[in-house]
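Worksheet for the structure shown next.
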Amino acid sequence: MNDAATFNWSVADATRLDISMPYYGPGANTAVILADFMLAPETDAEKFQRLKVEWEEKTINLSSFDQMVAHPAYVAIIAMGKRAVPFLLAEIKTSPNHWFFALRKITGANPIPKTAAGNLRKMTEAWLKWGKKNGYPN
Amino acid sequence: MLDPIEFPRIKAEGFDRTSDPTPAYNCVAWAANDQARWWWPIGPDHSGCEAFWPKKAPRKNTLKAFTLAFKTLKYEQCKDGTFEKGFEKIAIYAIGTTPTHAARQLPDGKWTHKIGRNIDISTTLSSVEEGIYGKAVRFMKRKIPK
Chain G
4 MNDAATFNWS VADATRLDIS MPYYGPGANT AVILADFMLA PETDAEKFQR LKVEWEEKTI
64 NLSSFDQMVA HPAYVAIIAM GKRAVPFLLA EIKTSPNHWF FALRKITGAN PIPKTAAGNL
124 RKMTEAWLKW GKKNGYPN
Chain Y
19 MLDPIEFPRI KAEGFDRTSD PTPAYNCVAW AANDQARWWW PIGPDHSGCE AFWPKKAPRK
79 NTLKAFTLAF KTLKYEQCKD GTFEKGFEKI AIYAIGTTPT HAARQLPDGK WTHKIGRNID
139 ISTTLSSVEE GIYGKAVRFM KRKIPK
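Residue numbers (this note's numbering), protein chains in the order written: chain G, 4 to 141; chain Y, 19 to 164.
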């Protein structure tokens, strides 16, 4: 967005442009290329990050597991399907949180032993072990 | 730090922060004196192990299930949250009849709350009412062992 400001272009300006061109030819307008960049759909990583932050912020004060996993951002991460799994595993590795329900709903796996129920560290270990076994690099 | 929209009474009644935020345990666990697990009668599909719940209590998000969960810790239902010397009390909050939160009374009569994945606080029973937790609707007590 800082680049757009340099060119004195806004998102509103960009939306008025025809950016349907299949490639950028030699005479392509810099502003058109910039507009295309600005309007590009989110990558999976960006989408996961946005939804994760929203969920963390909006549900931090909830104790109810039902309410936590019913939040639209959490549901949207589940809806990403298997594309979300590497991000979820990376997330629990660096910053353990209650992503285990999403992992189970997406993968159908249930690696948490009953003796580890509710224990964040043990649940994290169980899922990271599952990830390693199923070809997700840690 | 605590959103006044979610906790409309907290500013007026005040609170002391007593811990850092952590997702390791929740209010029910904290009320049960367990800082190692997240207690809840499980999520929407009732089939995973993402939360701990005592075996002798049903895995349902009902006041009866919460009452039975605390009964496993020798708590018995009582009338209210008034301080009684020699007893430890817990309170279960609900919106309608759906449990949302639990708190434990401290020896000085104040109540300790774990706020979701956020901080622990020491405050009154009513300071977290009327927002996202609804009201304290059920009280239980047990004798403090000598």
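Ideal Cβ positions, reconstructed from N, Cα and C, are used throughout, including at glycine. Remember, predicted model here, so these are calculated numbers, not experimental data.
- Looking at the backbone, the Cα of residue 38 of chain Y and that of residue 43 of chain G are separated by about 39 Å.
- Closer than 8 Å to the CB of residue 89 of chain G there is not a single CB belonging to chain Y.
- For residue 146 of chain Y, no beta strand (DSSP E) encloses it, and the DSSP letter there is neither H nor E.
- Under the Cβ distance rule, residue 41 of chain Y counts among the residues neighbouring chain G, one pair being separated by less than 8 Å.
- In this structure, the alpha-carbon of residue 106 of chain Y lies about 11 Å from that of residue 94 of chain Y.
- For residue 52 of chain G, the enclosing alpha helix (DSSP H) has its first and last residue at 47-62.
- Residue pairing of residue 57 of chain Y in beta bridges, as defined by DSSP: Y:70.
- Look at residue 121 of chain Y here: in three-state DSSP terms it is strand.
- The C-beta distance from residue 80 of chain Y to residue 115 of chain Y rounds to 7 Å, short enough to meet the 8 Å contact threshold.
- Cα atoms of residue 158 of chain Y and residue 109 of chain G: separation of roughly 39 Å, rounded to the nearest angstrom.
- For the segment 132-144 of chain Y, the beta-carbon criterion of a distance under 8 Å to any beta-carbon of chain G is satisfied by 132, 133, 134, 135, 136.
- With respect to the 8 Å criterion, residue 101 of chain G and residue 41 of chain Y are classified as neighbours on the basis of their beta carbons.
- Residue 69 of chain Y places its beta carbon less than 8 Å from that of residue 121 of chain G.
- Among the residues of the segment 109-120 of chain G, those with a Cβ less than 8 Å away from any Cβ of chain Y are 113, 115, 116, 117, 119, 120, in the order of the chain.
- Here residue 143 of chain Y is not near residue 104 of chain Y, since their CB atoms are 8 Å or more apart.
- Under the 8 Å Cβ criterion, the segment 115-135 of chain Y counts as touching the segment 56-75 of chain G, having at least three qualifying pairs.
- In the structure shown, the three-state DSSP call for residue 97 of chain Y is coil.
- Short of 6 Å from the beta carbon of residue 78 of chain Y, and not among the five residues preceding or following it, lie these beta carbons of its own chain, in chain order: 59.
- Bridge partners of residue 159 of chain Y according to DSSP: Y:94, Y:107.
- Within the same chain, Cβ atoms closer than 6 Å to the Cβ of residue 25 of chain Y are found at 146, 149, the five residues on either side in sequence being excluded.
- A direct Cα-Cα distance of roughly 14 Å separates residue 127 of chain G from residue 112 of chain G.
- Secondary structure at residue 102 of chain G: coil, using DSSP grouped into helix, strand and coil.
- Residue 138 of chain Y counts as buried, since at least 16 other C-beta atoms from the protein chains shown sit within 10 angstroms of its C-beta.
- Taking residue 118 of chain G as reference, the option from Y:55, Y:141, Y:21, Y:82 with the minimal CA-CA separation is Y:55.
- Within the segment 56-72 of chain Y, the residues whose Cβ lies closer than 9 Å to any Cβ of chain G are, in chain order, 56, 57, 58, 59, 60, 61, 62, 63, 65, 66, 67, 68, 69, 70, 71.
- With a cutoff of 8 Å on beta-carbon distance, residue 76 of chain G and residue 92 of chain G are scored as not near each other.
- In this structure residue 95 of chain G is buried. Its beta-carbon is surrounded by 16 or more other beta-carbon atoms within 10 angstroms.
- Put simply, of G:57, G:62, G:34 the residue whose alpha carbon is nearest the alpha carbon of residue 151 of chain Y is G:62.
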